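Residue numbers (my numbering): 9 to 471.
Ideal Cβ positions, reconstructed from N, Cα and C, are used throughout, including at glycine.
As the structure is a prediction and not an experimental result, all values here were calculated from the model.
What follows is one structure encoded as structure tokens, with my remarks underneath.
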Amino acid sequence: MEETDEQTEVQDPRLRRRLVLIPCPLQGHMTPMLQLATLLYSKGFSITIAHTHIIFPNQSNYPHFSFQSIISGGKPPSDVKTFIFYINNNCADPLKECLLSLLSKSDKQDYEPVVCIISDAMMYFAKDVADSLKLPRMVLRTSSAISYDAFTYVLQLNQQGCFPIQESRLEERFPDIPPLKFKDLPTMKTSDGSSLYEFLLKMLLTTKASSGLIWNTFQDLEKLALTSITNDVHIPLFAIGPLHKTVTTISSTTSLLPQDSTCISWLDKQSPNSVIYVSYGSIVGMDQTEFVEIAWGLANCGHPFLWVIRPNSVANCSQWEKLLPDGFHEIVRGKCCIVQWAPQQDVLAHHAVGGFWTHSGWNSTLESICEGVPMLCRPCFGDQAVNARFVSEEWRVGLNLENGLEREEIVRFIRKLMEGKEREEMMVRVKDLKEKAKNCINQGGSSLESLQSLINYILSFNK
9 MEETDEQTEV QDPRLRRRLV LIPCPLQGHM TPMLQLATLL YSKGFSITIA
59 HTHIIFPNQS NYPHFSFQSI ISGGKPPSDV KTFIFYINNN CADPLKECLL
109 SLLSKSDKQD YEPVVCIISD AMMYFAKDVA DSLKLPRMVL RTSSAISYDA
159 FTYVLQLNQQ GCFPIQESRL EERFPDIPPL KFKDLPTMKT SDGSSLYEFL
209 LKMLLTTKAS SGLIWNTFQD LEKLALTSIT NDVHIPLFAI GPLHKTVTTI
259 SSTTSLLPQD STCISWLDKQ SPNSVIYVSY GSIVGMDQTE FVEIAWGLAN
309 CGHPFLWVIR PNSVANCSQW EKLLPDGFHE IVRGKCCIVQ WAPQQDVLAH
359 HAVGGFWTHS GWNSTLESIC EGVPMLCRPC FGDQAVNARF VSEEWRVGLN
409 LENGLEREEI VRFIRKLMEG KEREEMMVRV KDLKEKAKNC INQGGSSLES
459 LQSLINYILS FNK
């Protein structure tokens, strides 16, 4: 998609309609929603972001968007699950007030009419608000398509009274979604799945009740899952990913955390494909024992490494430097770079990076595939175990570090990822997926065609 085409489309009055986007206030969800907003703006739509004051983007990066706060004040819960319930329980009335204000402005000739809202799938409160105002509502799914199938089966198993799954069965393959194991399903992390079940039920029911489903994935990666979902939901589905590659011509950052770009100059000094990049995303933490084992594993692996350690990411420890073992700095001198947050897309695109140790969030998984970088997966919660299983056993572009996190095991897996015949085979497969991801957003590609279908579909709401 050339920049000149985008500029022409922005000026096309036929497309001047306002969309209200409602992101989930978590980095991994905010990023694709802002990417979608940027993409739709480039195609001629006016954009309003209805956000919370808890976590929100830097508005100066989006001078052409309008921002409306739909909740402020109060201290939100610290754990993710309770936080999501908190948002859904407190945002409906403020969102309705916001939309009523925008709709009243639509009566004026110089203000674009609101034609639909697009909400994150986790922001299920938006359904009742949209219905009450008779506004079309579309849903953005920020996770993999296969995880939707997994969540659906979680509900079915719960309804059948199958929870908690017996410990002896956790390693068994899940018959309906090979190659998943029972332990990969979200509720396998706890013996009490009731609250998660309630959340999944609301999320999936409100998704099916929407006017359409937008997905940050592409056909050549998840064709079977997308076909299965289309048959299940009976609403239009638009796979337009990878979003971060679709909006590369537009200069903006979606990171909610300050990025340390000094790591790029460090990477410039490293040999091609030599560096293992380690990042657990914006939420996932670790306990102190795990931190020490990771440190020793990286120190002993024989490869230079770029390690992202967020503040407060180590449990009950505000100064992680004090946990580093004696002799660590001497061992890693010259082959280690540690930052609080990295410009991940730039890092993965760097010629020095040969592997990515990831928590297997969907954004990170897509970004790694798009740069042809094989992954070492260490999933923690949510859909991450599903993604990791498909990375390692379906697409076979990475390894799954799913057992104990001991230093010797870490060394073995890193060397397996970075050296030898198995790495060569993974590289062939991930380079193939990289090429398919590139082709899908070019002329004639499935994602570009799906995007045009999405634009036409949104325009039909105002007829």
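Residue(s) in a DSSP beta bridge with M383: Paired residue(s): F364 and G406.
Buried or exposed by the 16-neighbour rule on C-beta atoms within 10 Å, applied to P194: So P194 counts as buried.
Rounded distance between the beta-carbons of M130 and H72, thought under 8 Å: About 26 Å; that fails the 8 Å criterion.
Buried or exposed by the 16-neighbour rule on C-beta atoms within 10 Å, applied to K135: Around the beta carbon of K135, 16 or more other beta carbons lie within 10 angstroms, which makes this residue buried.
DSSP three-state assignment for Q296, whether helix, strand or coil: Here Q296 sits in helix by DSSP.
For S77 and T60, the rounded distance between their alpha carbons: T60 and S77: Cα-Cα distance of roughly 5 Å.
Member of D101, K210, Q167 and Q164 whose CA lies at the smallest distance from the CA of S140: Looking at the Cα atoms, D101 is the closest of the given residues.
Given 8 Å, three or more beta-carbon pairs between the region 355-364 and the region 381-399: Touching, per the Cβ criterion.
Span separating the alpha-carbon of N98 from that of C271: C-alpha separation (whole angstroms): 40 Å.
L4 versus S326 - alpha carbon distance: Only positions 9 to 471 of the chain appear in the structure, and residue 4 is not among them; the question remains open.
Cβ-based neighbour list, Y161, same chain, cut-off 8 Å, excluding 5 preceding and 5 following: Beyond the five residues adjoining it in sequence on each side, Y161 comes within less than 8 Å, by CB distance, of F182, D184, I185 and L193 in the same chain, given in chain order.
Other residues of its chain near S54: CB distance less than 6 Å, five sequence neighbours each side excluded: Hits under 6 Å: R26 and E120.
Pairwise C-alpha distance: S151 and D157: The alpha-carbon atoms of D157 and S151 are separated by roughly 11 Å.
Nearest-angstrom Cβ-Cβ length linking I243 and S218, presumed shorter than 8 Å: With a Cβ gap of about 6 Å, I243 and S218 count as contacting.
Extent of the continuous beta strand (DSSP E) run through W315: In the DSSP assignment, W315 falls within the unbroken beta strand (DSSP E) covering F313 to V316.
Three-state secondary structure (DSSP) of H59: In the three-state scheme derived from DSSP, where H, G and I count as helix and E and B as strand, H59 is classed as strand.
Unbroken alpha helix (DSSP H) run spanning D240, endpoints: Here the alpha helix (DSSP H) through D240 covers Q227 to V241.
Buried/exposed call for H359, threshold 16 Cβ in 10 Å: Here H359 is exposed, its C-beta having fewer than 16 other C-beta atoms within 10 Å.
Alpha helix (DSSP H) segment containing F91, residue limits: In the DSSP assignment, F91 falls within the unbroken alpha helix (DSSP H) covering V88 to N98.
Cβ-Cβ distance between Q392 and G369 below 8 Å: Yes, these two residues count as a Cβ contact at 8 Å.
Coarse secondary structure for K135, derived from DSSP in three states: Three-state result, K135: helix.
C345 vs L306 beta-carbon contact at 8 Å: No, Cβ-Cβ distance for C345 and L306 is not below 8 Å.
Range covered by the beta strand (DSSP E) that runs through W223: From DSSP, the beta strand (DSSP E) with W223 extends over G220 to W223.
Continuous alpha helix (DSSP H) stretch holding D276: start and end: T270 to D276 is the span of the alpha helix (DSSP H), which, as asked, contains D276.
Residues near K189 by beta carbon distance below 8 Å, same chain, minus five either side: Closer than 8 Å at the Cβ level, and outside the excluded window around K189, lie L178, E179, E180, R181, F182 and R397.
Rounded C-alpha distance that separates R341 from L275: Distance between the alpha carbons of R341 and L275: 15 Å.
Inside the region 123-200 only - beta strand (DSSP E) runs reaching at least 3 residues: Qualifying beta strand (DSSP E) stretches, in chain order: 145-149.
Per-residue DSSP class, three states only, for Y285: Residue state, collapsed to three classes: strand.
Alpha carbon of L332 to alpha carbon of V292, nearest angstrom: Whole-angstrom Cα-Cα distance: 19 Å.
Simplified DSSP assignment, three categories, for R415: Three-state result, R415: helix.
Cβ-Cβ separation, P351 to Q278 (assumed contact under 8 Å), whole Å: P351 and Q278 do not touch by the CB rule: their CB atoms are close to 16 Å apart, not below 8 Å.
Through-space distance from M435 to R423, alpha-carbon basis: Within the model, the alpha-carbon separation for R423 versus M435 is close to 14 Å.
For P387, the nearest candidate out of V122, F75 and M294 (CA to CA): Of the listed residues, the one whose Cα sits closest to P387 is M294.
Alpha-carbon to alpha-carbon, L103 and V255: Going by the C-alpha atoms only, they are around 27 Å apart.
Status (buried if at least 16 other CB within 10 Å, exposed otherwise) for L165: With 16 or more neighbouring CB atoms inside 10 Å of its own CB, L165 falls in the buried class.
Residues that R26 bridges to, as DSSP identifies them: For R26, DSSP records a beta bridge to S54 and V122.
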